[in-house]
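With the first letter of the sequence shown counted as 1, position 41 gets the number 277 in the working numbering; the numbers rise by one all the way through.
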Amino acid sequence: MADNPVSPDPILSPLEYQQHLLALLGADDPAEVQAITARTFRHLAKEAGPYLRTIPEPGEWSVFGCIAHIADAEVVMSARYRWILAHDQPPLIGYDQDLWVERIHDADESVDALFSYFEPLRTANIDLWRRSGPDDRARVGLHGERGPESYDLCFKMIAGHDRFHIEQARRALATARR
Numbered sequence: 237m238a239d240n241p242v243s244p245d246p247i248l249s250p251l252e253y254q255q256h257l258l259a260l261l262g263a264d265d266p267a268e269v270q271a272i273t274a275r276t277f278r279h280l281a282k283e284a285g286p287y288l289r290t291i292p293e294p295g296e297w298s299v300f301g302c303i304a305h306i307a308d309a310e311v312v313m314s315a316r317y318r319w320i321l322a323h324d325q326p327p328l329i330g331y332d333q334d335l336w337v338e339r340i341h342d343a344d345e346s347v348d349a350l351f352s353y354f355e356p357l358r359t360a361n362i363d364l365w366r367r368s369g370p371d372d373r374a375r376v377g378l379h380g381e382r383g384p385e386s387y388d389l390c391f392k393m394i395a396g397h398d399r400f401h402i403e404q405a406r407r408a409l410a411t412a413r414r
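Below, the structure is given as structure tokens:
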């Protein structure tokens, strides 16, 4: 799956992927979880210091790579949320997260540049969620790889996605420091 994050078992079915991210969210409020993501990643970036771009193992992302991916995912999700809310069962294309991190972000890009667009998009998306009602949250888009996904499901999955990549960044930093 193109936008399936790296996981302990990289071959997940669409339902397993959804359940994996929802399990990471648990019963927590997805807006509250998402509201602290930028602050958590800013702290990790500062803590990483000289290890910010250290890739822990081939095929894995550094702390910077995790932040770049979270920023990219917010761009994608910003569009998906709005397509779902404005259109009837719009197609939602997948994307290759590794290519986005590799080809869109370069060695000279600052972590502050990533936050400069991630934070306002995230704020706008949380506000959109809080203004939505049950009928809006039940609206569905048709993901090209996973099938029907409601606005509610997408928003909850991205909260679990945040938690997954925060832990991935912590593991990358721990490995880089060894």
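C-beta: ideal position from N, C-alpha, C; glycine also. Small disclaimer: the values here were computed from a predicted structure and weren't measured.
N- and C-terminal bounds of the alpha helix (DSSP H) containing residue i
i    : result
H397 : Y387 to R413
D308 : V299 to A322
I291 : It is not in any alpha helix (DSSP H) - I291 carries neither H nor E in the DSSP assignment.
Unbroken beta strand (DSSP E) run spanning residue i, endpoints
i    : result
H341 : Neither: H341 is in no beta strand (DSSP E) and is coded neither H nor E.
Helix, strand or coil at residue i [DSSP, three-state]
i    : result
H379 : strand
P384 : strand
T273 : helix
A263 : coil
E252 : helix
E296 : coil
S368 : coil
I247 : coil
S352 : helix
D332 : coil
V242 : Summary for V242: the model assigns pLDDT 41, below 50, so the residue's position carries little reliability; its value from the coordinates is reported in the next sentence. V242 falls in the coil class under three-state DSSP.
K282 : helix
Residue(s) in a DSSP beta bridge with residue i
i    : result
P327 : L378
TODO: Assess, as a yes-or-no matter, whether the region 362-378 is touched by the region 388-396 under the definition of 3 or more beta carbon pairs within less than 8 Å.
DONE: yes
Open item on the list: Across the region 345-355 and the region 393-412, are there enough close Cβ pairs to call them in contact, namely three or more that are closer than 8 Å?
Closed with: no
Task: Segment contact, 8 Å Cβ cut-off, at least three pairs: the region 274-283 with the region 333-341 - done: no
- [ ] Taking 8 Å as the threshold, find out whether the region 391-404 comes into contact with the region 339-352 through three or more Cβ pairs.
- [x] no
Task: At least three beta-carbon pairs within less than 8 Å, the region 262-281 to the region 298-312 - done: yes
Open item on the list: When you compare the region 375-386 with the region 320-330, are there three or more beta-carbon pairs, one atom per stretch, that lie closer than 8 Å?
Closed with: yes
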